[in-house]
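Read through the structure below, which is laid out as structure tokens, and then see the notes.
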Amino acid sequence: MSKRSSSRQSLRTRNQKSGSTTSNHRQEEQQLLQPVFEKACDAIAVTDNLGCLLEINAAACQLFGLSRKALVGGLLTDFTDADFNFEQVRLSVQTGNQQTGELYLLRPDGIRREVEYTLTLNVVPHRHLVILRDITDRKEAAQDELWCQRQWVELFSEVTLKIRQSLQLKEILRATVTEVQRILQADRVLIYQVFPDGTGKAISEAVLPEYPQILDLEFPEEVFPQEYQQLYAQGRVRAIADVHNPDAGLANCLIEFIDQFDIKAKLIVPILQNLNSHQQNESKSQNQLWGLLIAHHCDRPRWWGDFELELMQQLADQISIALAQAQLLENLEEIVEVRTAELKDVNRNLHQEINDRMQAEEALRRSEEQLRLITNALPVLIAYVDKRQRYRFNNQAYEDWLGQSLSEIHGCHLQDVWGEDCYQRMHSHVEAALSGHVVTYENEIALRNGISRSVNVTYIPHVDEQNTVKGFFSLASDISDRKAIERMKDEFISVVSHELRTPLTSLHSALKILATGRLGTLSTDGQQMLEIADENTERLVRLVNNVLDLQRIESGNFTMEKQACNAADLMIQATEAMQPMAQQHGVTLVTQPVDIYIWVDSDYMVQALTNLLSNAIKFSSPGGTVWLTVELLQQSEVLFCVQDEGQGIPQGKLESIFERFQQVDSSDSRKKGGTGLGLAICRKIIEQHEGRIWAESTLGKGSTFCFTLPALHS
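Quick note on full-length UniProt numbering: the sequence shown kicks off at 1 and runs consecutively.
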């Protein structure tokens with residue numbers, strides 16, 4: 001018995017020592033975890049089954065905005081909005097699992113914070129761990145980013161709409177700088193135009209009142225060196241966060257210059273102008289630097305983000321479109337073609353960039369919606385057709401024109417949408433587009449309401465990186481009004497031809513017979529009146545003939561028989577034809593023929609040269625000289641020049657004189673027998689030969705009319 005009693009005592013002693021050791025371990029763990037609990041960055045709370053706060057750390061006090069004493073013993077739901085029910089959340093979580101969600105925390109100072117929570121049940125029996133993390137700033141940042149995206153889409157749509165609705169370049173540029181300054185919160189936004197001599201000027205500006213204006217200030221070439229112009233002409237974008245930072249690479253003299261305008265940071269995007277608006281071969285396209293879109297930050301340095309860079313680049317592209325639009329005001333058909341083609345390129349690039357940036361499915365959906373908003377605002381038919389000739393995208397104009405919903409059109413074959421007759425007219429053009437060719441043609445379409453429309457259609461192939469045609473983009477604009485005007489013009493010309501030209505010719509012939517004296521001799525006054533009538537009748541005949549010639553060229557109802565011609569032969573033929581007129585006016589004709597071959601219609605080219613020589617002779621004083629020269633420019637163009645020593649042309653009329661019935665001095669032109677159509681005919685002839693014509697003049701010293709033609713290469 002004594003041995004058994006001794007064994008029990010020994011076992012009791014060992015158990016007591018073991019319990020003491022376990023207790024010590026727990027105390028050590030508690031001492032180790034307590035600082036971690038207190039110094040954790042996230043708010044941590046321990047609750048019971050009802051959500052009563054039993055223990056909290058310092059981060060929780062800071063998040064709730066209350067002291068430990070005010071929080072412990074209270075329910076978690078006392079400090080949240082009514083939508084959060086702790087007991088329901090606890091019951092929905094299986095034992096040993098976690099639940100994550102979001103709730104709104106109501107602080108005593110009135111601030112409402114959005115919080116992400118993680119609930120872990122039964123970390124010890126009937127004790128639950130709640131970890132809270134403030135996500136208010138993250139949510140607000142996401143909202144700010146979404147707002148910026150929305151502002152960008154609105155700005156892009158607004159600028160695009162202004163370009164479509166307005167032909168005033170100044171208005172477009174002013175709206176651009178104003179909206180960019182508002183979106184970017186920049187201190188100054190300006191558009192700087194670069195001149196051919198290297199100088200430049202700020203032509204549009206939006207700036208805060210406390211900073212100096214740059215508008216209309218001209219800058220010397222030293223401010224914008226040639227090497228910078230070349231870099232920007234290649235599409236380079238420059239973002240400088242701090243102009244005084246040596247990493248910016250700015251010369252000291254340039255820093256001193258920009259300090260005059262309080263510039264601390266700047267973002268520069270080039271505005272490029274395409275010089276080959278009529279060429280479809282991209283390998284021959286050439287971009288010229290027109291100017292710069294610049295944003296300044298003046299009160300402190302600023303880091304420019306990717307969103308800001310992209311916004312500026314997209315708007316620079318839109319300004320380029322506006323420039324092209326302003327240059328093509330004289331030809332409405334070309335304006336529509338160029339604007340729609342460039343808009344298609346911009347939309348396609350925008351779509352591609354958004355797809356590259358947005359990889360998530362939801363982001364892709366938003367970008368497509370943005371693109372649809374833009375295209376739906378346009379009064380033209382815009383669509384994408386796949387290689388099976390089925391519609392994969394249509395804008396709102398399709399629904400307005402066809403009376404069918406977009407969902408009904410989507411996926412349909414072209415023949416099912418437009419009918420058999422219309423499809424047969426477009427079939428060959430569709431096949432050409434699917435072969436990789438850009439196609440432009442006119443078509444007549446009959447809508448379901450019985451209305452027929454004339455449309456100008458352009459197909460642009462969609463080619464991937466492997467040079468495979470995936471489909472094509474279709475752009476169609478309504479030209480019914482233009483066609484109606486053309487028919488009216490043709491009817492008018494027909495009336496002129498039959499009802500005016502014939503009696504004028506008879507009248508002119510009768511006056512010529514009277515002038516010969518065969519029907520009797522007239523008095524001096526009668527003879528003078530007869531000469532006046534004969535002169536004005538001849539002028540009317542020339543006017544009618546010029547109107548008919550111009551209309552025939554514009555309407556395309558003529559055939560040019562182009563062949564290889566020697567420029568020297570054409571010059572000699574034109575001068576020989578005008579020599580009698582030159583002798584009559586006492587003017588010397590000087591010709592410098594050069595053997596250069598060009599591909600032209602010789603008759604039309606001689607007509608253009610004689611028109612220019614006739615004008616030069618008529619407006620030269622007796623004893624003056626008129627020169628006709630030709631030279632080869634860089635093996636690609638041939639330059640013809642007709643120079644006189646007349647009275648000259650004001651700078652403001654150097655362009656308008658090529659319009660119909662436009663003259664420098666109407667009274668003087670009437671004395672000299674001008675009709676105001678000769679230069680308009682010349683321009684149409686030159687344009688039909690893929691050339692260009694212009695005038696240069698100095699008042700009192702004479703004028704020079706120049707035109708270029710493509711050189712004929714062997």
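From the three backbone atoms N, C-alpha and C, an ideal C-beta is built for every residue, glycine too.
task: Less than 8 Å between the CB atoms is what I'm expecting for I271 and G291, so what's the real figure, rounded?
output: The pair is a contact, with the Cβ atoms about 5 Å apart (cut-off 8 Å).
message: Need the endpoints of the alpha helix (DSSP H) that H429 sits in, please.
response: E420 to L434
query: According to DSSP, what are the bridge partners of K201?
result: Q193 and E218
- request: Leaving out five residues on either side along the sequence, give the residues of the same chain with a beta carbon under 8 Å from the beta carbon of A40.
  value: N57 and A59.
task: Would you give the residue range spanned by the alpha helix (DSSP H) that V177 belongs to?
output: L169 to L184
- prompt: Out of curiosity, what's the CA-to-CA distance linking N467 and V346?
  reply: If I take the Cα positions, the gap works out to 20 Å.
- prompt: When the distance is taken between beta carbons, is S204 closer than 8 Å to L217?
  reply: no
task: Please say whether G198 and E221 have beta carbons closer to each other than 8 Å?
output: Yes.
field: Start-to-end residues for the alpha helix (DSSP H) that takes in F257
entry: N252 to D259
task: Let me know the beta strand (DSSP E) ranges lying completely inside the segment 38-100, each 3 residues or longer, listed in chain order.
output: The segment 38-100 contains these whole beta strand (DSSP E) runs: 43-47 and 53-56.
query: For the alpha helix (DSSP H) that Y228 lies in, which residues bound it at each end?
result: Annotation for Y228: the continuous alpha helix (DSSP H) segment containing it runs Q226 to A233.
field: Span separating the alpha-carbon of N394 from that of A43
entry: 52 Å
- request: Please work out which residues of its chain come closer than 7 Å, Cβ to Cβ, to Q584, disregarding the five sequence neighbours upstream and downstream, and give them in chain order.
  value: none
message: Here's the rule: buried if 16 or more other CB atoms are within 10 angstroms of the residue's CB, otherwise exposed. What is W303?
response: Exposed, because fewer than 16 other Cβ atoms sit within 10 Å of the Cβ of W303.
- request: Could you please give me the residues that DSSP links to F707 through a beta bridge?
  value: In the DSSP secondary-structure assignment, F707 is bridged to F640 and I693.
- prompt: DSSP state of W290, grouped into three classes?
  reply: strand
task: Determine, using beta carbons only, whether L146 and V130 come nearer to each other than 8 Å.
output: no
task: Spell out a yes or no on whether the segment 251-269 and the segment 293-309 are touching, meaning 3 or more CB-CB pairs, one atom from each, closer than 8 Å.
output: yes
Integer-rounded CB distance, given that P35 should sit under 8 Å from R66: The residue asked about is misnamed: residue 66 is Leu in this sequence, not Arg. Between P35 and L66 the Cβ distance is about 22 Å, and since that is not below 8 Å, they are no contact.
Own chain residues within Cβ distance below 8 Å of R127, not counting five before or after: V46, T47, D48 and L54
Rounded straight-line distance, which links the Cα of F37 to that of Q99: 20 Å
message: Please report the straight-line C-alpha distance between S703 and Q635, rounded to a whole angstrom.
response: 26 Å
Pick from Q229, Q260 and N245 that is closest to N287, judged by C-alpha positions: Q229
query: What residues are listed by DSSP as bridge partners for C565?
result: Beta-bridge pairing links C565 to I598.
- prompt: Where in the segment 353-413 do unbroken runs of the alpha helix (DSSP H), each at least 4 residues long, occur, reported from the N-terminal end onward?
  reply: 361-376, 396-402 and 406-409
query: Taking Cβ to Cβ, would you say A397 is nearer than 8 Å to V380?
result: yes
message: Can you list, in chain order, the residues of its chain with a C-beta nearer than 7 Å to that of V177? Leave out the 5 residues immediately preceding and following it.
response: V189, L190, I191, S204, E205 and A206
message: Only counting the same chain, and skipping five residues up and downstream in sequence, which positions put a Cβ closer than 6 Å to that of P212?
response: F261
task: State the start and end residues of the unbroken beta strand (DSSP E) segment that holds I131.
output: Element bounds for I131: R127 to D134.
field: Which of helix, strand or coil DSSP assigns to I445
entry: strand
query: Alpha carbon to alpha carbon, what distance is there between Q389 and L311?
result: 34 Å
- prompt: Are the beta-carbon atoms belonging to L169 and A322 less than 8 Å from one another?
  reply: Yes, they are a contact pair.
field: Where Y211 sits in the DSSP three-state scheme
entry: coil
- prompt: Taking 7 Å as the cut-off, is the CB of D595 close to at least one heavy atom of the ligand PLP?
  reply: Of ligands this structure carries none, so the ligand PLP is not represented either.
field: Member of D317, E645, N97 and L309 whose CA lies at the smallest distance from the CA of residue 735
entry: Past the edges of the chain, shown from 1 to 714, lies residue 735, and the structure says nothing about it.
message: Under 8 Å, with one C-beta from each stretch per pair, do the segment 367-375 and the segment 413-430 reach the 3-pair mark?
response: No: fewer than three Cβ pairs fall under 8 Å.
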